[in-house]
Amino acid sequence: MDTAVECATANGSQYPCTLVYRSDGVPLGYLYLNRFAELGEGFLLSFLATLLTPLRWIFSKFVESYIRWKLPLKKYKMIPIHSFSQEISSCTISTVPSNFYNKVEEGSIILRKSAKFSFCKDGVMIDGENKSLKTDVVILATGYRGDQKLKNIFKSPTFQNYIQGSSSTIVPLYRGCIHPRIPQLAVIGYAESLSNFFTSEIRCRWLTHLLEGNVKLPSIKEMEYDGLQWERYMKRYTAQYYKRTCVVAVRIWYIDQLLRDMGFNPKRKKNFFGELFQPYGPSDYTNLSG
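Spelled out as structure tokens, the structure:
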């Protein structure tokens, strides 16, 4: 969408940009990015989280309703078929660029919904339409398969199988960084978040402590069990998107793990209520100390 807005700004409505999409100002920090949204582990906290499951559903529906009110999704048939909760848990959420729908209104961006398209002599033929779309440039914003990129680093079939596993498993990276069977390889940035720079910086710091000997890796069996727990979580909350490791919905809990490994105090707020209800962000992790 960012590219579409840039093209529309440069070309105007005389040479519009067509955006083909395939799938159909809320204070998210106070709903999803605090400890109240991630109550943590243990019997009592797990029991409390189970009791508050309807509240999570209410939060999700509130955000969905607000977005539908704020943006003309229904007008342009862009309402997603999946819930906001699933979207944020699988890192498939996107941010609408400034003036995106203004460009749509003025005709600088033309929206087309289609499951597939093909190339023809004049440009692109969109499935379900009788007339081809004359096109100068086609940008295929298809994303990428991170597991395939990691797999292709290696020539050895053994290491490739370690990375990819079976068609129904995820890449089992311990703490989102280390493969249990290839501990000499550290992967930074594979596990996604709303702020990849921030989480990657914390991982780099964790990796530095590991290389210095301040963090010790558990046994292969323990690391593989940890990866299995992540896999169960991803399959439960992200459905068909479980292959892409995403820590957005459990970001605080995930960073807590890294901080405890390094010997830092994961509690960054000044009081109990702030710790529970105030949003957590990168500024909370400056000047880390034990």
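If you're matching positions, the sequence shown starts at -9 in this note's numbering and goes up one per residue.
Using N, Cα and C, we set each Cβ at its ideal position, and we do this for glycine too.
Checklist line | In DSSP terms, what V238 is bridged to | finding: Here residue 238 refers to the residue found at position 248 when the sequence shown is read from its first residue. Paired residue(s): none; V238 is not in a bridge.
Notebook entry, point to check: Looking at E77 and I71, is the spacing between their C-beta atoms short of 8 Å?
Noted result: Indexing the sequence shown from 1 puts residue 71 at position 81. Indexing the sequence shown from 1 puts residue 77 at position 87. Not in contact: I71 and E77 (Cβ atoms no closer than 8 Å).
Next item on the list: Quick one: using the 10 Å Cβ neighbour count with 16 as the cut-off for buried, is A(-6) buried or exposed?
Entry: Here the question's residue -6 lines up with position 4 in the sequence shown. Buried, because 16 or more other Cβ atoms sit within 10 Å of the Cβ of A(-6).
Margin query: Can you find the residues in the same chain that come closer than 8 Å, C-beta to C-beta, to F107, ignoring five residues on each side of it along the sequence?
Written below: Taking the first residue of the sequence shown as position 1, residue 107 is located at position 117. So the list reads V10, V114, M115, I116, D117, once near-sequence residues are dropped.
Check: Where DSSP assigns a beta bridge to I116, which residues make up the other side?
Finding: Taking the first residue of the sequence shown as position 1, residue 116 is located at position 126. For I116, which the question treats as bridged, DSSP gives the partners F107.
Margin query: Taking only three categories from DSSP, how would you classify V10?
Written below: By one-based count along the sequence shown, residue 10 stands at place 20. Residue state, collapsed to three classes: strand.
Check: If you drop the 5 nearest sequence neighbours on each side, which residues of the same chain put their C-beta closer than 6 Å to that of E119?
Finding: Position 129 of the sequence shown holds residue 119. Nothing meets the Cβ criterion.
Item checked: As assigned by DSSP and simplified to three states, the class of R250 -> For the purposes of this step, residue 250 is identified with residue 260 of the sequence shown, where counting begins at 1. Looking at R250 - three-state DSSP - the assignment turns out to be helix.
Check: So, R241 versus S183, is the Cβ gap smaller than 8 Å?
Finding: The count along the sequence shown starts at 1 and reaches residue 241 at position 251. The count along the sequence shown starts at 1 and reaches residue 183 at position 193. A contact, by the Cβ cut-off of 8 Å.
Note to self: Using 8 Å for Cβ pairs, my map puts I160 next to T235. What's the rounded Cβ distance?
What the structure shows: To locate residue 160, count along the sequence shown from 1; it is residue 170. To locate residue 235, count along the sequence shown from 1; it is residue 245. With 8 Å as the limit, I160 and T235 qualify as a contact, their Cβ atoms being about 6 Å apart.
Notebook entry, point to check: Taking the beta strand (DSSP E) that P173 falls in, what are its first and last residues?
Noted result: Taking the sequence shown and counting its residues from 1, one reaches residue 173 at position 183. Its beta strand (DSSP E) spans residues 172 to 176.
Margin query: I'd like to check one pair, L197 with A176: are the Cβ atoms closer than 8 Å?
Written below: By one-based count along the sequence shown, residue 176 stands at place 186. By one-based count along the sequence shown, residue 197 stands at place 207. Their beta carbons are under 8 Å apart, which means A176 touches L197 by this criterion.
Note to self: Helix, strand or coil, according to DSSP, for Y164 in the structure here?
What the structure shows: Taking the sequence shown and counting its residues from 1, the one referred to as residue 164 is at position 174. Here Y164 sits in strand by DSSP.
Checklist line | Cβ pair count under 8 Å reaching 3, the segment 199 to 214 against the segment 137 to 148 | finding: no
Notebook entry, point to check: Which residue from G97, D(-8), G264, N255 puts its Cα closest to that of P87?
Noted result: In the sequence shown, counting from the first residue as 1, residue 87 sits at position 97. When only C-alpha atoms are compared, the closest one is D(-8).
Checklist line | 8 Å contact criterion, which S75 and S50 should meet: CB distance rounded | finding: Sequence index remark: in the sequence shown, residue 75 carries index 85 (1-based). Sequence index remark: in the sequence shown, residue 50 carries index 60 (1-based). Indeed they touch by this definition, with Cβ atoms about 4 Å apart.
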